[in-house]
Each structure stands twice: as C-alpha cells, then as structure tokens.
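In my numbering, the protein residues as written are 414 to 1027.
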C-alpha cells in the first residue's frame, strides 16, 4: 500500500499526478513515483525514496510529455523503503509499468518460477511479480495480460497498468483493495482514494472485487476477472472532500482537534429533530435496508473495528447495554473471523471505520453477510467499500481528517454511537421519552463544553513539556472511561513514539502495579461518575508508590488536588458523555508531547491513515 493515482487527458500530466500524490500523502508513505507514456509510445518511470519533495526535485528541469500516466505513494510491506522498491515497477524490458496496493500472498512461489525462466527482478517487492506476469502475456493485449496475471496471483490487490503497446489506455483491477474511476469530459481519473478524485469530478465508478476496467480518456469498459462485461452505475458523490490548508495551525492534527466543536454541531443538526432522534433518521441513515423493525427486534449487536474505532465501539457497548438492555460484543476485526459465528436470526453486525476501507473490518462484514447477518456500518467516507456493501450506513459526518492519528472522527464516532443507542432505545421503548428528551437537550451544550476543554491548551502544553522525556506512560480508567484510557495511550504512542499502555484501573493489582515507581507518569481519568470512589482508591495506590500523576477530573473536584499538581478539568456532564470530553485533553497532551520531541505529528512513522491490507 498506500495510494494510487492515474490520469488520461490533455492537462499537464506531471502536475496532475504530483498533485494527486500530494492529496494521497496524508495516508502516510515512504516513497513515491510516476510513470508516463509519451505520445510516441515511450514509457518513462520516475521514483524516489523519502518525501514527495524528493520526487519533485528529481523531476525539476524535465518536461514529460504524455496523456496517460499513473502514480503511487508507498508504505513498505515487502522490501525496504528505498528507491528500488518504490512504485511504479517496470517489467524486465520496460514495456509495462504497474502500481499496486495490497499484498500478493503467493509472490515467493511465482517469483521463483519467473526467475527459473530467466526473468530478472529489480526489487524485493511482491508487486513486481505482477508486472513480470503481465509482460509474459503482452502479445494477447494489455487487458488480457492483466486479467491473466490477476488470475495467477492470490491475495489482495488494486492495480493500475500502463504500457507502450497501448499508449492511450490504463487497465485497472481490484481484489480486496479499493479502486475507483473518476469520469470527466474527454478525460478520466483513477485513484484508490475518493478524496483525490472529487477535486476533479463528482462522477465516480467504484470497482467491486474481481473487476477489471479498460480506461481510455473517452470510455470505461468494466468486466469481471475471468468473466463477462459488467454494467456499472456512475454515482454522483455530493461531498466536499477539499483539503483546506492548515489555516494558521502548525499541523493538521491540531487544526482537527480545534474543529471538534463544529463537528458536533454538524452532527446534531443532521440527527436531532425536536426531542427525538427518530424524526431525523432519514437524513442520518443511508439506505437502511435492514429497517427499523429489524433493529427493534435485535437481540445482540456484534461490533467489529480496529484501533481507535474499536475503542469507540467499546464505549458504544457500555452505552447500548445501558440504554437498550441487550448484549453487545466488541471484537478486533483482525481476530473476529477466527471465532464461530452463530446467527440466531436477530443479531446485527456493526462495523466502524473512518475510511470505510479498513481491510480487516471489511473482511469481517463480508463474512457476516455470507452468513446472513444484517450489517450496519459507521463510516466517515462516502462512497467507500463499507458504505456500498453494508445493509445500512450511518455517516459520522466528521469531514475529511488529514492527520493520521484520528481526533475529530473519534469524537464523531462516539457521538453517533450515543445517538444510535438512544435511537434503538426509542424503537424498543427501553428509555422513557422524557429521559431521551432531556439527554438530547443536554447535547446542545456539548460544543461549548468542548471549547472549555480546548481553552486549557496552555496548561496541557506546560504539562506536556514537563513529561515529554519520560519513556513510558500508563493510562488508567474505569467503566466507559477504560476504553478512553486505551485511546489516550494509543494517541500518545502513535505520534510521539513513547511506549504507553492503557489499563482498566481495577486490574492494577493483577500485574501492572509492579511497574509503578517514581519514574512512571500515570494519567488517571477520574470524572464524576459511578466509578469515582474506586478510581480515587486506585489513585491512592499509585500515589503510594511515588508515581507521577496527571489527573483529568470534573470541574469543581478539589479532592484530586491532594494527589497531584497536574490536574486538567473537564465540564460537568452526564457520565455517558464523559468519554467525549476526556478525549480532548488526551489529544492535546499527546500532540504537545510529540511537538516537544519534534516528531512528525501528521505523518508518524510506519503508520497509514487507511489500513487497506490485512
């Protein structure tokens, strides 16, 4: 992985490809490159390791002519992050070039066979196997050669292929990794990320698995791999995917942290009508084919997600079980498929993903559908695979998130799960209407309460500067703020490269307390809640072992000041809303520690914004 761009048309192709790569760069990458076919059918490949600026410098002074080209940003999965392993990859005689997202599982076997036939490889990647297979079949025509290669490989792929033999064509194919075509007037675009297309066109063809397309500037012909033609619908995506500048902020992450009050206002404007969530459901749910009746009869929800989205799902479990009175299970998507799935006819599988392309979560949902589970997804990106393949979709309405570490989308997921819990409670009559009305009224204050949290940024930065050189952190919480502790630890380790662990505070005596000494900062989440007294007892435990405490508590709580000089307050809210407010100071703490350590906040090492391989 990580990002694919392609173009056929009359515009400056080098500029189109480089700008496209820049729009893909928020996903994370370690190298980049482009391949262009000139009008006289000459293939040129340029690629460099490092940031996109390295590729731009290499191209300086060269005028590349052409109407057809492809580009790629790469995160290393097979082979080092160097120029040789960067994409595009050319075939041995350099007649064909390919860019590839995904993982070819049988590449070692295929590479051995090709080398026995005298094929010389220039890289360590699995991707190069595909282009060498295509080259062997090129006399059949480019589309047939690509199709044949796709039938030989196993694993996941999204590929775009150009060749000197057909200089007016890009052939693309997909299996398990996203790829879509943007349709223009006498020009077409290709990308693995809808955000790179929507600045050029709102008319999108999304390829499904096992599909191949022959793309020319004035036509798109789609077929199944190994099968016949497919009639595709050109969708009009009404979504502003423009990436604004940082608007004076030093990093996208900080900008997105400060956008959270506006995100909350936007969600509430789309979901609440009067004193119910139900009235606004048509604008919140998209094609909810499962129907309200199916939700009303649901006896269990099975939530699948990865990383930050899973922690949001864990908080959703607390909310739904308390409001709806049915069991909720939350699994890591990467592990869920190894369980036995028993469908009693009233279970609903829920997938949560910012991108809607998370490979493990998508695989879980596909398996669930194959076993006749209804599938509901919470996604931020419209037109994504999870959006298109689910029975029902709830858009989180966070807007585009550029920073790799999720901030505003996490808070958006939490609010949408809170609203979903109330929505199902309405259907099942498990929460009195008056209580629902009061809770919805309280949400009107949430944007201002987040602003209050943000107003403490100077205090949080001072705390960050004091603690930034510690090598380990522990985050502890109870109840629905146990997942908050997990998320706080993840944020810190993602962007500062400091080892941090989140733990249920009640589990300290079962092992972690052995690690606590005067060198370990412990971030304690102690809101006013049903777990407050037990959290105080845990604080006393770690304080007795000389730990350095950072406490996040509810405003007005003076008791906690006896344990630490570093107290961050959040406004007094209902316990069910505390995870939303807890997220803000933990995001700022992680951000300012990373800045103090001079880390790349928006593109931390080894991380991708959208994990599209398993």
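The C-beta atom is built at its ideal place from N, Cα and C for all residues, glycine as well.
Buried or exposed (CB count within 10 angstroms, at least 16 for buried), residue i
i, result
"residue 842", "exposed"
"residue 574", "buried"
"residue 978", "exposed"
"residue 966", "buried"
"residue 634", "exposed"
"residue 673", "buried"
"residue 868", "exposed"
"residue 800", "buried"
"residue 891", "buried"
"residue 700", "Residue confidence for residue 700 is low, a pLDDT of 47 falling below 50, so the modelled location carries little weight; the figure read from the coordinates is stated next. Exposed, by the Cβ-count rule."
"residue 429", "buried"
"residue 453", "exposed"
"residue 774", "buried"
"residue 475", "exposed"
"residue 989", "buried"
"residue 374", "This structure gives no information on residue 374, because the portion of the chain shown stretches from 414 to 1027."
"residue 706", "exposed"
"residue 718", "buried"
"residue 525", "exposed"
"residue 695", "Because residue 695 carries a pLDDT of 47, less than 50, the predicted location of this residue cannot be relied on, and no value is offered for it."
"residue 1017", "buried"
Beta-ladder partner(s) of residue i, from DSSP
i, result
"residue 445", "461 and 486"
"residue 937", "889 and 964"
"residue 596", "601"
"residue 629", "632"
"residue 745", "718"
"residue 895", "Paired residue(s): none; residue 895 is not in a bridge."
"residue 419", "483 and 603"
"residue 676", "BP columns for residue 676 are empty, so no partner."
"residue 576", "509"
"residue 637", "624"
"residue 587", "571 and 624"
"residue 751", "DSSP lists no partner for residue 751."
"residue 793", "According to DSSP, residue 793 bridges with nothing at all."
"residue 783", "None; residue 783 has no bridge partner."
"residue 456", "450"
"residue 517", "568"
"residue 503", "510"
Proximity below 9 Å, CB of residue i to CB of residue j
i, j, result
"residue 486", "residue 419", "no"
"residue 586", "residue 626", "yes"
"residue 888", "residue 910", "no"
"residue 592", "residue 650", "no"
"residue 372", "residue 789", "The structure shown does not extend to residue 372, since the chain spans only 414 to 1027, so no value can be given for it."
"residue 438", "residue 500", "no"
"residue 628", "residue 637", "no"
"residue 479", "residue 450", "yes"
"residue 716", "residue 723", "yes"
"residue 866", "residue 1005", "no"
"residue 827", "residue 803", "no"
"residue 588", "residue 515", "yes"
"residue 711", "residue 739", "yes"
"residue 551", "residue 508", "yes"
"residue 1001", "residue 670", "yes"
"residue 620", "residue 645", "yes"
"residue 511", "residue 544", "yes"
"residue 737", "residue 590", "no"
"residue 1054", "residue 766", "Absent from the model: residue 1054. The displayed extent of the chain is 414 to 1027, so no value can be given."
"residue 929", "residue 958", "yes"
Nearest-angstrom Cβ-Cβ length linking residue i and residue j, presumed shorter than 8 Å
i, j, result
"residue 853", "residue 685", "5 Å"
"residue 556", "residue 547", "About 10 Å separates the two Cβ atoms, so there is no contact after all."
"residue 648", "residue 796", "7 Å"
"residue 560", "residue 639", "7 Å"
"residue 677", "residue 527", "Not a contact, Cβ separation roughly 54 Å."
"residue 863", "residue 994", "7 Å"
"residue 992", "residue 963", "So it is not a contact: roughly 17 Å between Cβ atoms."
"residue 823", "residue 914", "About 19 Å separates the two Cβ atoms, so there is no contact after all."
"residue 679", "residue 810", "5 Å"
Cβ-heavy atom distance, residue i to the ligand ADP, below 8 Å
i, result
"residue 902", "What this structure holds is no ligand at all, so the ligand ADP is not there to describe."
Closer than 9 Å to chain C by CB, residue i
i, result
"residue 920", "Judged by its chain identifiers, the structure shown contains no chain C, having just a single protein chain."
Open item on the list: Whether or not the segment 526-538 and the segment 571-585 are in contact is what I'm after, with contact meaning three or more pairs of Cβ atoms, one per stretch, closer than 8 Å; do they touch?
Closed with: Judged by Cβ distances under 8 Å, the segment 571-585 makes no contact with the segment 526-538, as fewer than three pairs qualify.
Task: Contact the segment 978-994 vs the segment 933-950: 3+ CB pairs below 8 Å - done: Flag = yes, the segment 978-994 and the segment 933-950 touch.
Task: Any 3 or more C-beta pairs closer than 8 Å across the segment 918-927 and the segment 888-898 - done: Here the segment 918-927 makes contact with the segment 888-898; the two share three or more CB pairs at distances below 8 Å.
Task: Three or more C-beta pairs below 8 Å linking the segment 457-466 and the segment 501-511 - done: Judged by Cβ distances under 8 Å, the segment 457-466 makes contact with the segment 501-511, as three or more pairs qualify.
TODO: Check whether the segment 897-908 touches the segment 811-829, counting contact only when three or more Cβ pairs, one atom from each stretch, lie closer than 8 Å.
DONE: Judged by Cβ distances under 8 Å, the segment 897-908 makes contact with the segment 811-829, as three or more pairs qualify.
Open item on the list: Using a Cβ distance threshold of 8 Å, determine whether the segment 755-763 contacts the segment 778-795, with at least three qualifying pairs required.
Closed with: Judged by pairs of C-beta atoms under 8 Å, the segment 755-763 touches the segment 778-795, as three or more such pairs exist.
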